[in-house]
Amino acid sequence: GVFLILLTVLLYDRSRRGAWGWMIASWLTGLLAPFANEAGLTLAGLVVLYEWAAPHLRSRRHLPLALTYLLGPALYLAVWLSWRESTSFGLLENLTQVEQLLQKVAYFAQGTTFPLQFATARLAILWGWSGWWALRLGVALSLIVLGLFYTRLAWWRCLGLACGWVALMVLPPLVALSAGYVDTAPRLLYSASAGVACLWAGAVVGLQPSAKSRWTVPATRLQDRTLVSSRRGAPALRVVALALILVPSLVFLRQRVALHELV
14 GVFLILLTVL LYDRSRRGAW GWMIASWLTG LLAPFANEAG LTLAGLVVLY EWAAPHLRSR
74 RHLPLALTYL LGPALYLAVW LSWRESTSFG LLENLTQVEQ LLQKVAYFAQ GTTFPLQFAT
134 ARLAILWGWS GWWALRLGVA LSLIVLGLFY TRLAWWRCLG LACGWVALMV LPPLVALSAG
194 YVDTAPRLLY SASAGVACLW AGAVVGLQPS AKSRWTVPAT RLQDRTLVSS RRGAPALRVV
254 ALALILVPSL VFLRQRVALH ELV
């Protein structure tokens with residue numbers, strides 16, 4: 014399901030250059046996406062969001078094309094409504110359970126703190142904190158770090174695309190699924206993880222000195238030397254940032270593989 018969602022967006026991006034073959038392929042994958050993953054129901058919103066975040070190629074004629082992606086969710090809902098007549102399942106039942114809704118929000122909020130949640134989890138164990146306090150610390154640290162980088166870059170469209178992607182992908186599980194199911198279904202995080210990756214990718218780009226930064230001033234010789242020196246250090250900063258992302262992931266995978274072998 015996640016593959017179909019990502020493939021639909023990629024094919025749509027290719028079609029924006031005037032290739033109708035790519036658009037037809039994108040429509041076909043967009044029709045299948047809602048049937049493979051709940052997040053596919055918000056695919057039309059994702060395409061519109063992508064259109065908004067790509068100002069260089071933006072055109073008014075693209076927005077009507079983006080709205081055609083509502084056909085897939087409409088077909089899915091039609092099938093679901095016909096199936097629902099023979100069952101007692103209610104789509105919006107879980108919205109009335111506020112406690113479960115907060116549990117689901119907390120579960121998905123952990124993803125935005127990557128890779129800081131590993132550090133906050135250890136601090137919580139050492140200091141005897143509850144899970145809620147650890148989550149609050151991780152979210153607060155993430156917001157501070159991301160805020161500093163995005164303020165420096167002033168890439169608000171990139172920030173909006175990343176945050177909007179996460180919000181759209183977690184909306185169907187928040188509305189339709191129970192907290193017990195969400196807690197035991199890590200597959201629900203896969204589609205939202207693409208937005209989280211974009212969120213932190215923009216922050217890593219902020220480590221590189223940019224001539225387009227809104228903090229740029231007329232350079233003197235001393236500033237030129239400082240800029241050259243900082244550019245030389247940028248690859249090292251990227252390596253450190255990449256290590257901070259990959260090392261916790263590898264540790265997590267090793268732990269999960271060990272648990273799988275025990276079972």
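Under the numbering used here, the residues of the sequence shown are numbered 14 to 276, in order.
All C-beta atoms, glycine included, are put in the ideal place defined by N, C-alpha and C.
Query	Result
Would you say leucine 255 and valine 217 are within 9 Å of each other, going by their C-beta atoms?	yes
Between which two residues does the alpha helix (DSSP H) holding threonine 21 run?	15-28
Do alanine 205 and valine 188 have their C-beta atoms closer together than 9 Å?	no
Which value, in whole angstroms, describes the spacing of the CA atoms of leucine 84 and glycine 53?	11 Å
Who are the near neighbours of tryptophan 168 in its chain, counting only those whose CB is closer than 7 Å to its CB and skipping five residues on each side?	Gly215
Would you tell me roughly how many angstroms separate the C-alpha atoms of leucine 76 and proline 47, rounded to the nearest one?	20 Å
Along the chain, where does the alpha helix (DSSP H) that runs through glycine 31 open and close?	Looking at the DSSP string, glycine 31 is not in any alpha helix (DSSP H), and its letter there is neither H nor E.
So what does DSSP say about proline 199, is it helix, strand or coil?	coil
Do you know offhand how far threonine 239's Cα is from leucine 136's?	Reliability fails at threonine 239, whose pLDDT of 36 lies under 50, so the model's placement of it is uncertain and no value is given.
Measure the alpha-carbon distance for arginine 277 versus glutamine 113 and round it to whole angstroms.	What the structure shows of the chain is the stretch from 14 to 276, and residue 277 is not part of that stretch, so it cannot be assessed.
Since tyrosine 63 contacts leucine 166 with CB under 8 Å, what's their CB separation in whole angstroms?	The pair is not a contact, with the Cβ atoms about 19 Å apart (cut-off 8 Å).
How big is the Cα-Cα spacing for leucine 154 and threonine 126?	8 Å
State the DSSP-derived secondary structure class of leucine 154, mapped to helix, strand or coil.	helix
What is the DSSP secondary structure of glutamine 130, counted as helix, strand or coil?	helix
Taking Cβ positions, are glycine 124 and leucine 181 nearer each other than 9 Å?	no
I need the DSSP call for arginine 267, collapsed to helix, strand or coil.	helix
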